[in-house]
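Numbering (my numbering), first residue to last: 844 to 1044.
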């Protein structure tokens, strides 16, 4: 899905088209429905990491159980595993299949991620309007530091008296403060998503 479509979803806008709706495009509500549950998020994460198309249900169950309990996948508590197995098989996978992020075959016990699942990751990576577009910020910062180096090297007033040591310190400070600020915003976003997607087992 194009970035413009993601932006429309975030704003609650509908995508106008005279063509037949694309079944691979998730609605805003579908994306929130998938992401607000930890087990669904973990299952999608595992399916995205797998090289094969169809993945056995038991593999996903082992991974989700291990991530939730902290137990080794080779030594899972049978009670914990059964709870995850039942929830995924009877509730989460049928729901995810209906939404369109996976193809679930309960008879074969296999799960396969779909192209529509990419929209979920794009949604998490999308930068809202009220946040800093960091790629543009760092491009601008690079341009500023390059200009500072140029005017110092050409001895242009009032930078002609600056030493290269001072220029180096200024550059380190600029990028250091930027990195700290970027890290702060990233942590705030993590907290925001954790609070928003209240977990349902």
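Backbone N, C-alpha and C define an ideal beta-carbon position, used for all residues, glycine too. Keep in mind that this is a model prediction, so the values were computed, not measured.
- Label residue 1000 either buried or exposed according to how many other C-beta atoms from any shown protein chain fall within 10 Å of its C-beta, with 16 as the threshold for buried. exposed
- Message: Quick check on DSSP: helix, strand or coil for residue 937?
- Response: helix
- Task: Count the other C-beta atoms from every protein chain shown that fall within 10 angstroms of the C-beta of residue 935, then say buried if there are 16 or more, exposed otherwise.
- Result: buried
- Short CB-CB distance (under 8 Å) between residue 1004 and chain D: In the structure shown, chain D does not exist; there is a single protein chain.
- Item | Touching by the beta-carbon criterion (3+ pairs, under 8 Å), the stretch 1017-1031 and the stretch 981-989 | yes
- Item | Same chain only: Cβ atoms within 7 Å of residue 953, ignoring 5 sequence neighbours per side | 897, 898, 899 and 900
- Query: Any heavy atom of the ligand FAD closer than 7 Å to the CB of residue 907?
  - Reply: The ligand FAD is not part of the structure shown, which contains no ligands of any sort.
- Item | Spatial distance of residue 948 from residue 980 (CA atoms) | 46 Å
- Task: Less than 8 Å between the CB atoms is what I'm expecting for residue 904 and residue 877, so what's the real figure, rounded?
- Result: With 8 Å as the limit, residue 904 and residue 877 do not qualify as a contact, their Cβ atoms being about 18 Å apart.
- Query: To which residues of the same chain is residue 916 closer than 6 Å at the C-beta, ignoring the five residues directly before and after it?
  - Reply: 905 and 909
- Query: Between the beta-carbon of residue 963 and the beta-carbon of residue 944, is there less than 8 Å?
  - Reply: yes
- Item | Buried versus exposed call for residue 907 [16 or more other C-beta atoms within 10 Å across all chains shown] | buried
- Helix, strand or coil: how does DSSP classify residue 864 here? With a pLDDT of only 40 at residue 864, under the threshold of 50, the placement of this residue in the model should not be trusted, and no figure is reported.
- Alpha-carbon to alpha-carbon, residue 1025 and residue 880: 27 Å
- Task: Pick helix, strand or coil for residue 948, following the three-state DSSP scheme.
- Result: strand
- Item | Inter-residue spacing [alpha-carbon to alpha-carbon] between residue 1002 and residue 977 | 28 Å
- Item | 6 Å CB neighbourhood of residue 1014 in its chain, flanking five on each side removed | 988
- Helix, strand or coil: which one does DSSP assign to residue 999? coil
- With a threshold of 16 other CB atoms inside 10 Å of the CB of residue 958, please say whether the residue is buried or exposed. exposed
- Item | Secondary structure, beta strand (DSSP E): runs of 3+ residues fully inside the stretch 868-938 | 897-899
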